[in-house]
Amino acid sequence: MLASLRIIGLQDVTRAEELSLMTNIYRNCTVKIGLVAALSLALLTTCAAATKKAAKPSPGTVSVPAHIREGSLVAGGRAFYAPRLPEDVLAGIRLGRQAKEVLSKWGNPSRITVGTVRSEGPEQNVSPVVPGIPYTPPQSNPFGAGLTAGISQAAALLGGLQNPAMGGLPELPGAQPAGEAPKPEAGPAITSEEITWTYDLQNGITLEFIITDGLVTQITVGGQGPWGLSKTRTGLQLGDTYKLVIWVCGYPENQKYAGRFLRASYVDKQRVLYTFLNKKLVGITIALVPSELM
Numbered sequence: 007m008l009a010s011l012r013i014i015g016l017q018d019v020t021r022a023e024e025l026s027l028m029t030n031i032y033r034n035c036t037v038k039i040g041l042v043a044a045l046s047l048a049l050l051t052t053c054a055a056a057t058k059k060a061a062k063p064s065p066g067t068v069s070v071p072a073h074i075r076e077g078s079l080v081a082g083g084r085a086f087y088a089p090r091l092p093e094d095v096l097a098g099i100r101l102g103r104q105a106k107e108v109l110s111k112w113g114n115p116s117r118i119t120v121g122t123v124r125s126e127g128p129e130q131n132v133s134p135v136v137p138g139i140p141y142t143p144p145q146s147n148p149f150g151a152g153l154t155a156g157i158s159q160a161a162a163l164l165g166g167l168q169n170p171a172m173g174g175l176p177e178l179p180g181a182q183p184a185g186e187a188p189k190p191e192a193g194p195a196i197t198s199e200e201i202t203w204t205y206d207l208q209n210g211i212t213l214e215f216i217i218t219d220g221l222v223t224q225i226t227v228g229g230q231g232p233w234g235l236s237k238t239r240t241g242l243q244l245g246d247t248y249k250l251v252i253w254v255c256g257y258p259e260n261q262k263y264a265g266r267f268l269r270a271s272y273v274d275k276q277r278v279l280y281t282f283l284n285k286k287l288v289g290i291t292i293a294l295v296p297s298e299l300m
């Protein structure tokens, strides 16, 4: 009888231990499941927030449909921005900086052209004079200096399109130069030296920097592209299509054909001129407008 009681007591102790062990296992599993659930919920919340943030466009970005991007040399993985500030940087150089910054970045020019700009005094309107012999680009390179021809033509490129009265400038650089503009009737004449530094890069891109009195006053990049350093503030670059430029920048202030080239002016607000050949962007010019050269 005593032995039976001992056996029953041992069984009760064993059952109690088993029950305690099962309880501990249950608690541990519950804690682990709770942790996994909490981590999963946090991960889902983070992913949802990231997806929502990614889906929301950044302020100032321009949404461009795929069919508008189609045809550009680089169609994917790009961002475009609304034109809010005037363009002031191209080819890694900022307008208004000293000429030595161009030499520091790009080295010795491939070609150098020298000319002068004469304008009326501060109390008169600026009326640049065309140099007697503008630079003529080589026939083998239609994207060379043929896109611009000196700061004296900046008025034609970045002002003359809006002001036909400032005529007397070549329709296309390399064409026969026109006669000098009428001399000012009043006010002292101001003569500035202009230097054109042209760089023919190995990738087929041509750069032009117009230097006036030691400062960079005009920059042009030309070529078929694409080329990262030809990007503007809006994200446009060489090789883009006409439709993409219009979509991002809006309708041009003025458009004009110069030979085979179509020039679209966004001068008043953006200080930039786009040059197209066969509806592809082959030239980008930014410059200080005449009022900024005084």
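Be aware that the sequence shown starts at 7, since it is given in this note's numbering, and climbs by one per residue.
For each residue, glycine too, the CB sits at the ideal point set by N, CA and C.
| Item | Value |
| --- | --- |
| How long is the line joining the alpha carbons of Leu207 and Ile99, rounded to whole angstroms? | 16 Å |
| So Phe86 packs on Val108, CB below 8 Å; how close in whole Å? | Contact flag wrong, Cβ pair sits at about 28 Å. |
| Following the continuous alpha helix (DSSP H) through Arg75, name the residue where it begins and the one where it ends. | Ala72 to Arg75 |
| For a quick check, are the C-beta atoms of Leu213 and Val227 less than 8 Å apart? | yes |
| Quick check on the burial criterion: 16 or more other C-beta atoms within 10 angstroms. Buried or exposed for Ala270? | buried |
| With distance defined between alpha-carbon atoms, name the residue in Arg117, Ala88 and Pro232 nearest to Val80. | Pro232 |
| Can you tell me the Cβ-Cβ gap for Ser236 and Gln230, rounded? I've got them flagged as a contact below 8 Å. | In fact, because the Cβ distance is near 11 Å, the residues do not count as touching under 8 Å. |
| According to DSSP, is Trp203 part of a helix, a strand, or is it coil? | strand |
| Within the continuous alpha helix (DSSP H) that includes Gln276, where are the two ends? | Val273 to Gln276 |
| Out of Thr240, Phe267, Ile201 and Gly220, which one is the CA nearest neighbour of Lys285? | Phe267 |
| Is the separation between the beta-carbon of Ile292 and that of Leu101 shorter than 8 Å? | yes |
| Please name the residue or residues paired with Phe267 in a DSSP beta bridge. | Ala264 |
| What three-state label does DSSP hand Leu235 in the structure shown? | helix |
| Report back the beta-carbon spacing between Arg84 and Val222 to the nearest angstrom; my notes put them in contact at under 8 Å. | No, Arg84 and Val222 are not in contact; Cβ-Cβ is about 27 Å, not under 8 Å. |
| Under 7 Å Cβ to Cβ from Leu91, same chain only, skipping five residues before and after it: list those, please. | Arg239 |
| With a CB to CB cut of under 7 Å and the five nearest residues on each side skipped, what residues in its chain are close to Ser78? | Gly245, Asp246, Thr247 and Leu250 |
| For a quick check, are the C-beta atoms of Thr204 and Arg277 less than 8 Å apart? | no |
| Measuring straight from C-alpha to C-alpha, what distance separates Leu294 and Asn114? | 24 Å |
| Check whether the Cβ atoms of Ala97 and Ile225 lie closer than 8 Å to each other. | yes |
| Hey, Thr119 and Thr218: beta-carbon distance below 8 Å or not? | no |
| Could you check the C-alpha separation between Pro258 and Tyr280 for me, to the nearest Å? | 10 Å |
| For Glu107, name the three-state secondary structure that DSSP assigns. | helix |
| Just the C-alpha distance for Val288 and Phe282, rounded to the nearest angstrom, thanks. | 5 Å |
| Quick one: using the 10 Å Cβ neighbour count with 16 as the cut-off for buried, is Glu200 buried or exposed? | buried |
| Which two residues bound the contiguous alpha helix (DSSP H) that contains Lys285? | No alpha helix (DSSP H) holds Lys285; DSSP gives it neither H nor E. |
| Assign Gly138 to one of three DSSP states: helix, strand, or coil. | Caution applies to Gly138, whose pLDDT of 30 falls short of 50 and renders its modelled position unreliable; the value that the coordinates give is listed next. Residue state, collapsed to three classes: coil. |
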